[in-house]
Each structure stands twice: as structure tokens, then as C-alpha cells.
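Participant:
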Amino acid sequence: MKAILNITRKELRRWLSMPSFYILLGLFLMSVGLYTWFFHAQDSFFDIERVFPASLGAIYWGLAIFAPILSTGVIMEEKKTNMFKVLLVKPISVRKIVVGKLGAIVVVLAIFLVLSSLHYLSILSISAINFHYVARNYLFLCLLGIAYASISMSVASFFYHYWKSYLFSYLIIFFVHFFANLLGSLSIAEVQIIFNYIGLYAHFDYFLSGGFALSTCVYLLSITTIGTAITIYKLGRDNS
Numbered sequence: 088m089k090a091i092l093n094i095t096r097k098e099l100r101r102w103l104s105m106p107s108f109y110i111l112l113g114l115f116l117m118s119v120g121l122y123t124w125f126f127h128a129q130d131s132f133f134d135i136e137r138v139f140p141a142s143l144g145a146i147y148w149g150l151a152i153f154a155p156i157l158s159t160g161v162i163m164e165e166k167k168t169n170m171f172k173v174l175l176v177k178p179i180s181v182r183k184i185v186v187g188k189l190g191a192i193v194v195v196l197a198i199f200l201v202l203s204s205l206h207y208l209s210i211l212s213i214s215a216i217n218f219h220y221v222a223r224n225y226l227f228l229c230l231l232g233i234a235y236a237s238i239s240m241s242v243a244s245f246f247y248h249y250w251k252s253y254l255f256s257y258l259i260i261f262f263v264h265f266f267a268n269l270l271g272s273l274s275i276a277e278v279q280i281i282f283n284y285i286g287l288y289a290h291f292d293y294f295l296s297g298g299f300a301l302s303t304c305v306y307l308l309s310i311t312t313i314g315t316a317i318t319i320y321k322l323g324r325d326n327s
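The working numbering puts the first residue of the sequence shown at 88, with every later residue one more than the last.
(1) Report all residues from its chain with a CB closer than 7 Å to the CB of M163; omit the five preceding and five following residues, and keep chain order.
(2) When DSSP labels each residue in this structure, what does Y247 get in the three-state scheme?
(3) Can you say whether H219 is buried or exposed, counting buried as having 16 or more other CB atoms within 10 angstroms of its CB?
(4) How big is the Cα-Cα spacing for P155 and N217?
(5) Where does S252 fall in DSSP's three states?
(6) Closest to I238 by CA distance: which of T303, A316, Y225 is it?
(7) By Cβ distance, which residues of its chain are closer than 8 Å to W102, with the 5 residues on each side in sequence left out?
(8) Going by Cα to Cα distance, which pick from F115, S180, G187, Y147 is closest to I94?
(9) Shortest alpha-carbon distance to S118 belongs to which of R100, A141, S104?
(10) Return the Cβ separation of I285 and V263 in integer angstroms, given the expectation that the two are a contact with Cβ distance under 8 Å.
(11) Go ahead and pull the three-state DSSP assignment for A300.
(12) Which residues bound the alpha helix (DSSP H) around G187?
(13) With respect to the alpha helix (DSSP H) encompassing N93, which residues constitute its N-terminal and C-terminal limits?
(14) Put N326 into one of helix, strand or coil per three-state DSSP.
(15) Cβ of T303 within 9 Å of Cβ of M240?
(16) Which of helix, strand or coil does DSSP assign to N217?
(17) Less than 7 Å between C-beta atoms, sequence neighbours within five positions excluded: which residues of the same chain meet that for L295?
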């Protein structure tokens with residue numbers, strides 16, 4: 088556990104010292120803010136019931152774009168510099184390295200999500216907020232971002248070129264993010280059930296409407312576990 092925490096802290100320090108981190112953070116917050124303002128809240132900036140769902144929708148799409156950018160480089164840089172082989176000499180297992188790096192990404196995603204919520208915290212005194220609704224949706228988005236990060240890390244473990252990693256990561260992510268539900272709407276009833284469960288948009292829409300499904304949390308954690316296991320297996324085999 089100590090080795091995992093050390094790797095997480097080291098990765099976080101690296102992230103926080105990079106200008107690209109602040110550029111990505113700024114772009115993420117700007118994208119969420121502009122989408123919410125221009126398309127949903129020009130005349131109702133303080134109407135939390137209207138602004139909050141719109142902002143959640145922007146974050147939902149933002150995570151699909153930014154999570155692969157944050158997580159792919161974590162694996163690709165280590166592969167290019169053969170840092171995995173250096174770390175394994177210490178010795179630190181591949182499992183600890185991958186989990187430690189994923190832990191750093193979780194913290195980075197948490198920073199993104201917390202900063203995206205500052206608008207709602209700033210108007211607490213003049214607008215009533217259902218904290219249970221907010222917490223449920225941010226829990227979903229946090230698990231969603233982690234799942235996308237694990238997918239991107241597993242894809243990156245198979246490639247040595249950034250563009251290939253990004254391409255296949257986005258293909259997989261946008262399939263479960265949106266297109267699976269779109270295909271489900273065009274399919275027969277039995278197939279529609281499968282696609283709607285695989286696709287995350289239906290899950291997000293359910294949370295956005297005020298619901299909570301433990302099965303969705305389990306599904307996202309399963310994606311994270313599978314993606315992390317694939318990453319550990321592939322990197323372990325490559326460096327054995």
C-alpha cells in the first residue's frame with residue numbers, strides 16, 4: 088500500500104508541475120461553463136434547477152473527451168522511457184504501479200469535478216439545492232471518469248503511438264458513451280435491453296432525472312476493474 092501511495096504522490100506532483108495540466112483544467116471548465124451559459128442559462132443563471140442539469144450534461148460529455156487525454160499519457164510516457172522496467176527492478180509490481188497511477192488520475196478527475204461545482208456552492212445563499220441529487224450525480228460522474236480512464240490506460244498498454252491509443256480509446260468510449268443507446272433504439276426489444284444497459288447515456292439520464300441505481304455503480308466499477316486488470320496483464324507480460 089505504501090508503494091502505491093508513493094507512486095500516486097509522485098504522479099500527482101508531476102501533473103501539478105506541468106503547464107498542460109492547467110491548460111486542460113482551464114479548457115474543461117471553460118467548455119462546461121460556455122456550454123451551460125450559451126445554450127441553457129443565459130436568462131436563468133441563478134435558476135439552479137435549470138442550470139445544474141445542463142452543466143451535468145456538459146461534464147458528462149467533457150469527461151468522455153478529457154479522461155482519455157489525462158490517462159493515455161500516463162502509460163505512454165512510461166512505455167517510451169522504459170520506466171516500467173526501471174520501477175520493476177526496485178522491486179515494485181506492475182499491479183502497484185498501475186493502481187498508483189490510476190489513483191493519481193482519480194485525484195486529478197476529482198479536482199476537475201470539484202472545481203466544476205463552484206458555481207453551485209457560490210449561490211447556496213440564494214438558491215435551494217438538493218444535496219442528495221447533487222451527490223448522486225457527482226458520484227456517477229466520478230465513477231464514469233474513472234471507468235473511462237481505465238479504458239484509456241488499457242488501450243494505451245497495447246500501443247506505442249499516441250494517435251493509435253487516442254483513436255481506439257475514443258472509439259470504445261464513445262460507443263458506450265452514446266452510440267450503444269442509439270443502436271439500442273434501432274434494435275428489436277431483446278437487443279435493445281442489452282444495448283441500453285451497455286450504453287451509459289441511459290444510465291446518466293436516469294441519474295439526471297433524480298434516480299439512483301446501484302447496478303449502474305457496479306457496472307462502472309466493473310469497467311474500471313476489467314480495464315485495470317487488462318493494463319496490469321499486458322504491461323506485466325511486456326516487461327516480464
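The beta-carbon is built from N, C-alpha and C at its ideal position, and this holds for glycine as well.
Facilitator: Working from what's here:
(1) A243, Y249, S252
(2) coil
(3) exposed
(4) Looking at the two C-alpha atoms, the distance is approximately 31 Å.
(5) helix
(6) A316
(7) F108, A191, V195
(8) G187
(9) A141
(10) 6 Å
(11) coil
(12) 181-203
(13) From DSSP, the alpha helix (DSSP H) with N93 extends over 89-103.
(14) Note: N326 maps to coil in three-state DSSP.
(15) no
(16) In the structure shown, N217 adopts coil according to DSSP, grouped into three states.
(17) Excluding five sequence positions before and after L295, the CB atoms of its chain that fall closer than 7 Å to its own CB belong to P140, L143, N224, given in chain order.
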